[in-house]
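**Q** Can you keep this structure in mind? I'll have questions shortly.
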Amino acid sequence: MVLRADFGDEGAWDAVRAALDAADEYSHATYASEPRFAGVGVQALVAEEAAADEDEQIGYLFLADAVTMKEPGHPLLAVDLSDEPGRTFRVPARWFPDLSANLSLANMDFAEFADAADGSGTFRGFEQG
Numbered sequence: 531m532v533l534r535a536d537f538g539d540e541g542a543w544d545a546v547r548a549a550l551d552a553a554d555e556y557s558h559a560t561y562a563s564e565p566r567f568a569g570v571g572v573q574a575l576v577a578e579e580a581a582a583d584e585d586e587q588i589g590y591l592f593l594a595d596a597v598t599m600k601e602p603g604h605p606l607l608a609v610d611l612s613d614e615p616g617r618t619f620r621v622p623a624r625w626f627p628d629l630s631a632n633l634s635l636a637n638m639d640f641a642e643f644a645d646a647a648d649g650s651g652t653f654r655g656f657e658q659g
């Protein structure tokens, strides 16, 4: 799920969605745009996940915050809500389909992607070697 947290620029939100949808032949994104999440922080999301019934918990999400809206590449904030609640890293739109598919199929877990993030805390793919 891609959760919108910045409501200052509708055009920027449209651009984020367009970038995510264009990143792969098939759209992997489910978008949520609820004003109650405007400016929401990671700890509030972790608390909401912890308070949810087990069958309603989602495990992780991608936050479209002010950085996502303004930065080139529209880097979403990936947020772990389950295994290491509150752990985050950035993921540019071009890498979103890989993460989304692998996480939803449980081919890989959140930590594998987070551990591969560069020094700036951004996942830019796995090093080939």
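Taken in order, the sequence shown gives residues 531 to 659; the numbers are from my numbering.
The beta-carbon is built from N, C-alpha and C at its ideal position, and this holds for glycine as well.
1) Would you mind giving the Cβ-Cβ distance between F619 and A644, rounded to the nearest angstrom? I have them listed as a contact below 8 Å.
2) What are the boundary residues of the beta strand (DSSP E) that L593 is part of?
3) Going by DSSP in three states, A580 sits in which element: helix, strand or coil?
4) If you follow the beta strand (DSSP E) that V532 is in, where does it begin and where does it stop?
5) Which residues in the same chain have their Cβ closer than 7 Å to the Cβ of E614, if we skip the five residues on either side of it in sequence?
6) Assign M531 to buried or exposed, taking buried as 16 or more other Cβ atoms, counted over all protein chains shown, within 10 Å of its Cβ.
7) What is the rounded straight-line gap between the Cα of E578 and the Cα of A552?
8) Which term fits A594, buried or exposed, when burial requires 16 or more other beta carbons within 10 angstroms of its beta carbon?
9) Output needed for S630: all residues of its chain with C-beta closer than 6 Å, excluding positions within five of it in sequence on either side, in chain order.
**A** Quick look at the numbers:
1) Yes, they are in contact, since the Cβ atoms of F619 and A644 sit about 5 Å apart, within 8 Å.
2) Judged by DSSP secondary structure, L593 falls within the beta strand (DSSP E) whose first and last residues are Y590 to A594.
3) Here A580 sits in helix by DSSP.
4) Counting along the chain, the beta strand (DSSP E) containing V532 begins and ends at V532 to R534.
5) Listed in chain order, the non-local C-beta contacts of E614 below 7 Å within the same chain comprise A641, local neighbours out to five positions each way being set aside.
6) That one is exposed.
7) Distance between the alpha carbons of E578 and A552 is about 31 Å.
8) That one is buried.
9) Only residues of its own chain outside the window of five on either side were considered, and among them H558 have a CB closer than 6 Å to the CB of S630, listed in chain order.
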